[in-house]
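**Student:** Dropping a structure here in structure tokens format, bear with me for questions.
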Amino acid sequence: TVVDTVAPVIAAAANVTAEATAAIGAPVTFAAPLWTDTVSGAGSATCAPASGSTFSIATTTVTCTATDGAGNLAAPATFTVTVRDTTAPVLTVPTSITGVQATGSTGAPVSYSATASDLVDSSPTVGCSPLSGSTFALGTTMVSCTATDDFANTSAATFTVTVVDTVAPVIAAAANVTA
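Residues in the sequence shown are numbered from 238 upward in steps of one, following our numbering.
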């Protein structure tokens, strides 16, 4: 009677790095592990988590095993799947704001909206300088905005605000004086 007692050998796969596609991470596929068996050659290999699973934003160890046709189990082989977020948020700022009429000698208050969206972070932090609602001086002022997500990815954009004074001064006539 010939009995197969030799376990198959499984080769560790290369580590995998993937970009997050959502807050929960990303689905990641990888090639089936390579394994050999000196006796039967029949059998199967499995990995946990399986290829195509959604991996969280972190480094996850994948453990693969192989079983030959005689039921001999290979020593496990491992590799890592790293899902990361390196994509900056998409920042939306106004086009240049022009023709704002001055309301006084210091200029005019101007309000605007700057927003950001991100695949992973549902509410990236948006900041602008000068702030919306600030009084902008006569002339053109550049506004600088940034958006930052939870993984410190940052995008930046600028636009200008132009305050003008097109109202002619009003001159009051003096009363007639008789001497």
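The beta-carbon is built from N, C-alpha and C at its ideal position, and this holds for glycine as well.
I'd like to check one pair, A351 with A389: are the Cβ atoms closer than 9 Å?
**Tutor:** No, they are not a contact pair.
**Student:** Within the same chain, show all residues whose beta-carbon is closer than 6 Å to that of A279, passing over the 5 residues directly before and after it, in chain order.
**Tutor:** Contacts found: G306.
**Student:** At least one CB of chain D closer than 9 Å to the CB of I261: is that the case?
**Tutor:** The displayed structure is made up of one protein chain only, and chain D is not part of it.
**Student:** Could you tell me the distance, in whole angstroms, from the CA atom of T383 to the CA atom of D274?
**Tutor:** Taking the straight line from one Cα to the other gives about 57 Å.
**Student:** Which partner residues of F373 appear in the DSSP bridge assignment?
**Tutor:** In DSSP, F373 forms a bridge with A345.
**Student:** Whose C-alpha, out of A248, P270, A259, is nearest the C-alpha of T424?
**Tutor:** Coverage of the chain is limited to positions 238 through 416, which leaves residue 424 absent and any answer about it impossible.
**Student:** What residue range does the beta strand (DSSP E) around G280 cover?
**Tutor:** 280-285 is the span of the beta strand (DSSP E), which, as asked, contains G280.
**Student:** Here's a check: name, in chain order, each residue in its chain whose Cβ is nearer than 7 Å to the Cβ of A314, leaving out the five neighbours to either side.
**Tutor:** So the qualifying residues of the chain are I247, A248, A249, P270, C301.
**Student:** What does DSSP give as the partner residue(s) for D305 in the beta ladder?
**Tutor:** The partner list for D305 (beta bridge, DSSP) reads G280.
**Student:** Does DSSP put V401 in a helix, a strand or coil?
**Tutor:** Residue state, collapsed to three classes: strand.
**Student:** With DSSP as the reference, label G262 as helix, strand or coil.
**Tutor:** Three-state result, G262: strand.
**Student:** For N245, count neighbouring C-beta atoms within 10 Å of its own C-beta (all shown protein chains included) and say buried if the count is 16 or more, exposed if not.
**Tutor:** The sequence as given places Pro at residue 245; Asn does not occur at that position. It counts as buried.
**Student:** Which residues mark the beginning and the end of the beta strand (DSSP E) in which S354 is found?
**Tutor:** Counting along the chain, the beta strand (DSSP E) containing S354 begins and ends at 352-354.
**Student:** By a C-beta neighbour count over all protein chains shown, 10 Å radius and 16 as the cutoff for buried, is I294 buried or exposed?
**Tutor:** When all chains shown are included, I294 counts as buried.
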